[in-house]
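299 is the number of the first residue of the sequence shown in the numbering used here; add one for each residue after it. Beta carbons: idealized from backbone N, C-alpha and C, even for Gly. Beneath this line is the structure, given in structure tokens, with notes to follow.
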Amino acid sequence: MRLDARQRGFGLVAALFIIIVIASVIAAMTHLALNQSATNSMSLQQARAYQMAQAGLEWGIARAVANQSCAATFTLEGFSIAVACTSSSAGAVAEENKTVSFRQITATAQYAAAGSPDYAYRQLTAVVELP
Numbered sequence: 299m300r301l302d303a304r305q306r307g308f309g310l311v312a313a314l315f316i317i318i319v320i321a322s323v324i325a326a327m328t329h330l331a332l333n334q335s336a337t338n339s340m341s342l343q344q345a346r347a348y349q350m351a352q353a354g355l356e357w358g359i360a361r362a363v364a365n366q367s368c369a370a371t372f373t374l375e376g377f378s379i380a381v382a383c384t385s386s387s388a389g390a391v392a393e394e395n396k397t398v399s400f401r402q403i404t405a406t407a408q409y410a411a412a413g414s415p416d417y418a419y420r421q422l423t424a425v426v427e428l429p
């Protein structure tokens, strides 16, 4: 069986088309896998930032309850944690004849500089009633 002159080379074109399609699919899958990895890494950093802010908040509450200064800045595992306290005093409570004071404690955890790929930031606030 002899091929017509118009049919010669069709196998080469079909093979090139299949190779290009497969290479495109592989490139797209690689791109998706890299994006998924970066998203997982960012999600982990955000969870760590939340835990660091929670730790700073708990530290500030413990210091406030002990009637000590709870404003501080420290570094832990690459995170910069800042704890700030704001005091306010309410009027006398008529029923119990005592004055109640409140402290608002704000803890901020930050990893890396804003705009960098590893940047993570969380801020938590709590209000504590002190006798």
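Under the three-state reduction of DSSP output, ALA353 falls in the helix class. MET350 sits away from PHE372, with the two beta carbons spaced by 7 Å or more.
The straight-line gap separating the alpha-carbon atoms of LEU330 and ALA418 is approximately 22 Å. When C-alpha distances from SER386 are compared across GLN352, GLY354, LEU332, ILE403, the shortest belongs to ILE403.
Beta-bridge partners of GLN366 (DSSP): none assigned.
Residue environment for ILE379: buried (at least 16 other C-beta atoms within 10 angstroms of its C-beta).
By DSSP's assignment, PHE315 forms no beta bridge with any residue. The alpha-carbon of PHE308 is positioned some 53 Å away from that of GLN343. Going by C-alpha positions, ILE316 is about 46 Å away from ALA411. In the DSSP assignment, SER399 falls within the beta strand (DSSP E) that extends over 396 to 409.
Separation of GLN408 and LEU422 (C-alpha to C-alpha, rounded to the nearest whole angstrom) is 12 Å.
In this structure, ARG420 lies away from ALA362, with their beta-carbon atoms at least 7 Å apart.
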